[in-house]
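Everything below concerns the one structure shown next.
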Amino acid sequence: MDLIVPSSGLIFWQLIGFLALFYVLLKFAWKPMLAALEERDGSIESALKAAEQARNEMANLKAENEKLLAEARVERDMILTKAQEASKRMIEEAKEESIKQGALMIENAKAVIETEKKAALTEVKNQVAILTLEVTEKLLRKNLSDQASQKELVDEFVKDLKLN
Amino acid sequence: MTRKILALSVLFSVMLLSFTSATFAAGSETEGGEDPTGFIMHHIKDSHEWHFFNVGHTHVTLPLPVITYAPDRGLEFYSSKDFQNPETHKFGKEYAHNGIYIDDHDHLGRVDGAAIYDFSLTKNVAMMIFVIAVILYIFLSAASHYKKHGAVAPRGIASWVEPIIIFVRDEIAEKSIGPKYKKFVPYLLTLFFFVWIGNLLGLLPGAANLTGNIAVTFTLAILTFIITNVNGNKDYWKHVFATPGVPVALLPIIVVVEFIGLFTKPFALMVRLFVAITAGHIVILSFIALVFIFESYTIGVVSTLMVTFINMIELLVATIQAYVFTLFTAMYIGGAVAEHAHDDHH
Chain C
1 MDLIVPSSGL IFWQLIGFLA LFYVLLKFAW KPMLAALEER DGSIESALKA AEQARNEMAN
61 LKAENEKLLA EARVERDMIL TKAQEASKRM IEEAKEESIK QGALMIENAK AVIETEKKAA
121 LTEVKNQVAI LTLEVTEKLL RKNLSDQASQ KELVDEFVKD LKLN
Chain V
165 MTRKILALSV LFSVMLLSFT SATFAAGSET EGGEDPTGFI MHHIKDSHEW HFFNVGHTHV
225 TLPLPVITYA PDRGLEFYSS KDFQNPETHK FGKEYAHNGI YIDDHDHLGR VDGAAIYDFS
285 LTKNVAMMIF VIAVILYIFL SAASHYKKHG AVAPRGIASW VEPIIIFVRD EIAEKSIGPK
345 YKKFVPYLLT LFFFVWIGNL LGLLPGAANL TGNIAVTFTL AILTFIITNV NGNKDYWKHV
405 FATPGVPVAL LPIIVVVEFI GLFTKPFALM VRLFVAITAG HIVILSFIAL VFIFESYTIG
465 VVSTLMVTFI NMIELLVATI QAYVFTLFTA MYIGGAVAEH AHDDHH
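Protein chains in written order, with my numbering: chain C, 1 to 164; chain V, 165 to 510.
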């Protein structure tokens, strides 16, 4: 048989064989297989879509959570700052108050001391006066008994006066 | 790359063929051995009997049915055994049976010289039936998986064929044809697997050169031609007979070129597959023939290594040619069904 001349018998059988193969495969292989493949493609696609949706939802939730968290953080910071300010103010106030109190107490104490001092001085003066009187009295009683000593005393006084 | 290898192997095979036939022409005169060109051609061409191998002088063959039709005699059925020498298995005019003979070139003829048509189930027809049986076995068992389990992950044979089916559907059909691809996927799948499995089984020792037979590639190309032109839309025909954007003066030339183009496309399909597969077989057989020509152990070892190497390339070629045949078919169909924009160039 020739190499490059197609023989009619083989063309005939090839045509029949190939068309029969095509028909049987079309009916019993390609149709069910392609249908199954398409169905699976569809289900995979829808599953992917669902997964994508779920992912989006998750992302939304996460974003919301983060937003809430950020808000809470801001609020906390605000509260903390306020508290700090308040405590600072209170400390400041307390300090001022205590300084004021202290000053007042010192002043009071000074006044008391002054009064006490004055009272004590008055007392001392009184005591001195009394003592002086008593001494004077005793001296007078003793010395005024003789004339000489009286004169001496007077002289002494006079001398003192002059010296003064 | 493969194109280069292919071209090289064709060139090489042609060189080898001329070389070996010359050597053998000389050798056969002195020693009376077998003609290697005949040996190679015998393996490549179709035959009325399926010859496997010889054990000593005994030919191990499968006799095939010979079916003839003559207008005056009607259909007749014989066995290839009826037309050959029972010892040497040679066909020839001298072994005519019932007024019909098969000559030594495997041509059927009538002793009285009247018309007779050969519808024999030749070696290639038997091979085709074998290929079809293998394909049916693979795909019917794969399809049963989907029938039983529905659209779940594939298992077993289905998981082997599924990626290929998806490849043909998505990479060949959808990309080349466009939105209307679905209708053509079954034809493209059948074509791809017929050519591919035919190529692969043709590489088996003793197998027939089915997809390297021009009648087979002719039939496949004709089917592609019919499908392409039956599905051609208005744009496609307008493109052929009133090519848009071409000056009127040039139109007669362009229309002739376009019209010839309708036929050169399937012709190229036919020749490409035929040449690629036949050349591969010739190269392999040439290397085997070298062993018997030189009758040397060194040549035997080298030839065996080369045959192994070429066989691996042939595995690649088998797949590439199936892909290319399917891809070009899809592209021709794509060109026929595409909706062209009206300002399209060309």
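Idealized CB from N, CA, C, for every residue including glycine.
Simplified DSSP state of V412 of chain V, which is helix, strand or coil: Here residue 412 of chain V refers to the residue found at position 248 when the second sequence is read from its first residue. Residue state, collapsed to three classes: helix.
L3 of chain C at chain V interface by Cβ criterion, 9 angstroms: Along the first sequence, one-based indexing puts residue 3 of chain C at 3. Against chain V, the CB of L3 of chain C has a partner CB under 9 angstroms away; the residue lies at that interface.
Bridge partner(s) assigned by DSSP for D210 of chain V: Within the second sequence, the letter at position 46 stands for residue 210 of chain V. DSSP output for D210 of chain V lists no bridge partner at all.
Contact list for the region 64–93 of chain C against chain V, Cβ threshold 7 angstroms: none
Below-9 angstroms beta-carbon distance, A406 of chain V vs any chain C residue: As a first step, residue 406 of chain V is located in the second sequence; it is residue number 242 there, counting from the start. Not an interface residue.
Which residues DSSP lists as bridging T132 of chain C, in chain order: Sequence index remark: in the first sequence, residue 132 of chain C carries index 132 (1-based). None, per the DSSP bridge assignment.
Local conformation of G370 of chain V per DSSP, three classes: Numbered from 1 along the second sequence, position 206 holds the residue referred to as residue 370 of chain V. G370 of chain V: coil per DSSP, three-state reduction.
First through last residue of the alpha helix (DSSP H) which encompasses F247 of chain V: The sequence position of residue 247 of chain V within the second sequence is 83, counting from 1. Run containing F247 of chain V: none; DSSP gives neither H nor E here.
Through-space distance from V135 of chain C to E96 of chain C, alpha-carbon basis: Sequence index remark: in the first sequence, residue 96 of chain C carries index 96 (1-based). Sequence index remark: in the first sequence, residue 135 of chain C carries index 135 (1-based). Cα-Cα distance, rounded: 56 angstroms.
Host alpha helix (DSSP H) of A322 of chain V (start-end): As a working note, residue 322 of chain V is residue 158 in the second sequence. In the DSSP assignment, A322 of chain V falls within the unbroken alpha helix (DSSP H) covering 321–331.
Contact under 9 angstroms by Cβ, T428 of chain V with T493 of chain V: On the second sequence, residue 428 of chain V is found 264 positions in, with the first residue counted as 1. On the second sequence, residue 493 of chain V is found 329 positions in, with the first residue counted as 1. A distance of 9 angstroms or more separates the beta carbons of T428 of chain V and T493 of chain V.
Three-state secondary structure (DSSP) of V5 of chain C: To locate residue 5 of chain C, count along the first sequence from 1; it is residue 5. Reduced to three states, the DSSP call for V5 of chain C is coil.
Selection from V:F331, V:I330, V:A297 that minimises the alpha carbon distance to I361 of chain V: As a first step, residue 361 of chain V is located in the second sequence; it is residue number 197 there, counting from the start. Of the listed residues, the one whose Cα sits closest to I361 of chain V is V:A297.
Separation of D399 of chain V from Q485 of chain V, as counted between CA atoms: As a first step, residue 485 of chain V must be located in the second sequence, where it is residue number 321. As a first step, residue 399 of chain V must be located in the second sequence, where it is residue number 235. Their backbone Cα atoms lie some 30 angstroms apart in a straight line.
Closest residue to A35 of chain C among V:K311, V:V295, V:N395, V:E459 (Cα-Cα distance): Mapped onto the first sequence, residue 35 of chain C falls at position 35. It is V:K311.
8 angstroms Cβ shell around H309 of chain V - same chain, five flanking residues per side excluded: Reading the second sequence from its first residue, position 145 is the one you call residue 309 of chain V. Beyond the five residues adjoining it in sequence on each side, H309 of chain V comes within less than 8 angstroms, by CB distance, of P318, R319, G320, I321, A322 in the same chain, given in chain order.
For T122 of chain V, three-class secondary structure by DSSP: This structure gives no information on residue 122 of chain V, because the portion of chain V shown stretches from 165 to 510.
T266 of chain V vs G273 of chain V beta-carbon contact at 9 angstroms: Stepping through the second sequence from its first residue, residue 266 of chain V is reached at position 102. Stepping through the second sequence from its first residue, residue 273 of chain V is reached at position 109. Thr is not the amino acid found at residue 266 of chain V; the sequence shown has Ile there. Between I266 of chain V and G273 of chain V, the gap from beta carbon to beta carbon is short of 9 angstroms.
Straight-line Cα distance separating F357 of chain V from E45 of chain C: Sequence index remark: in the first sequence, residue 45 of chain C carries index 45 (1-based). Sequence index remark: in the second sequence, residue 357 of chain V carries index 193 (1-based). Whole-angstrom Cα-Cα distance: 28 angstroms.
Where F283 of chain V sits in the DSSP three-state scheme: Counting from 1 along the second sequence, the entry for residue 283 of chain V is found at position 119. In the structure shown, F283 of chain V sits in coil (DSSP, three-state: anything other than H, G, I, E or B).
Inter-stretch contact at 8 angstroms, needing at least 3 Cβ pairs: the region 400–419 of chain V / the region 472–488 of chain V: no
Buried versus exposed, by CB contacts within 10 Å (16 or more), P6 of chain C: In the first sequence, residue 6 of chain C corresponds to position 6, counting from 1. Around the beta carbon of P6 of chain C, a 10 Å sphere encloses 16 or more other beta carbons of the protein chains shown; the residue is thus reported as buried.
Check whether T381 of chain V and F438 of chain V have beta carbons under 9 angstroms apart: The residue you call residue 381 of chain V lines up with position 217 of the second sequence. The residue you call residue 438 of chain V lines up with position 274 of the second sequence. Cβ distance < 9 angstroms, so T381 of chain V and F438 of chain V count as in contact.
Supposed contact pair S340 of chain V and D270 of chain V - C-beta distance, whole angstroms, cut 8 angstroms: The sequence position of residue 270 of chain V within the second sequence is 106, counting from 1. The sequence position of residue 340 of chain V within the second sequence is 176, counting from 1. That pair is no contact at about 39 angstroms.
Distance between I386 of chain V and F217 of chain V (C-alpha atoms, nearest Å): The residue you call residue 217 of chain V lines up with position 53 of the second sequence. The residue you call residue 386 of chain V lines up with position 222 of the second sequence. Taking the straight line from one Cα to the other gives about 35 angstroms.
Segments assigned alpha helix (DSSP H), at least 4 residues, entirely inside the region 426–461 of chain V: none
Within-9 angstroms CB hit, T187 of chain V to chain C: For the purposes of this step, residue 187 of chain V is taken as the residue at position 23 of the second sequence. Caution is warranted here: a pLDDT of 43 is assigned to T187 of chain V, below 50, making its placement in the model unreliable, and no coordinate value can be reported.
Chain-order list of residues whose beta-carbon lies under 7 angstroms from that of K257 of chain V (same chain, five-residue window excluded): Counting from one through the second sequence, the residue named residue 257 of chain V turns up at place 93. Here the set comprises Y265, D267.
L433 of chain V beta carbon less than 9 angstroms from that of F489 of chain V: Position 325 of the second sequence, counted from the first residue, corresponds to residue 489 of chain V. Position 269 of the second sequence, counted from the first residue, corresponds to residue 433 of chain V. Cβ atoms of F489 of chain V and L433 of chain V: closer than 9 angstroms.
Three-pair Cβ contact test at 8 angstroms for the region 365–385 of chain V versus the region 281–288 of chain V: yes
Neighbour list for M205 of chain V in chain C, Cβ cutoff strictly below 8 angstroms: By 1-based counting over the second sequence, the position of residue 205 of chain V is 41. Those are L3, listed as they occur along chain C.
Rounded Cβ spacing between I452 of chain V and V471 of chain V (contact assumed at less than 8 angstroms): Taking the first residue of the second sequence as 1, we reach residue 452 of chain V at position 288. Taking the first residue of the second sequence as 1, we reach residue 471 of chain V at position 307. By a beta-carbon distance limit of 8 angstroms, I452 of chain V contacts V471 of chain V. Their separation comes to about 6 angstroms.
Where R333 of chain V falls, given that 16 or more other Cβ within 10 Å makes a residue buried: Along the second sequence, read from residue 1 onward, the residue named residue 333 of chain V stands at position 169. Classification of R333 of chain V: buried, given that the 10 Å Cβ count is 16 or more.
Distance, D41 of chain C Cα to A59 of chain C Cα: If you number the first sequence from 1, residue 59 of chain C lands on position 59. If you number the first sequence from 1, residue 41 of chain C lands on position 41. Whole-angstrom Cα-Cα distance: 27 angstroms.
Chain-ordered chain C contacts of I484 of chain V [CB-CB under 7 angstroms]: For the purposes of this step, residue 484 of chain V is taken as residue 320 along the second sequence, with counting starting at 1. Result: empty, since nearest Cβ-Cβ is about 21 angstroms, beyond 7 angstroms.
Status (buried if at least 16 other CB within 10 Å, exposed otherwise) for E213 of chain V: Your numbering for residue 213 of chain V matches position 49 in the second sequence. Label assigned to E213 of chain V: buried.
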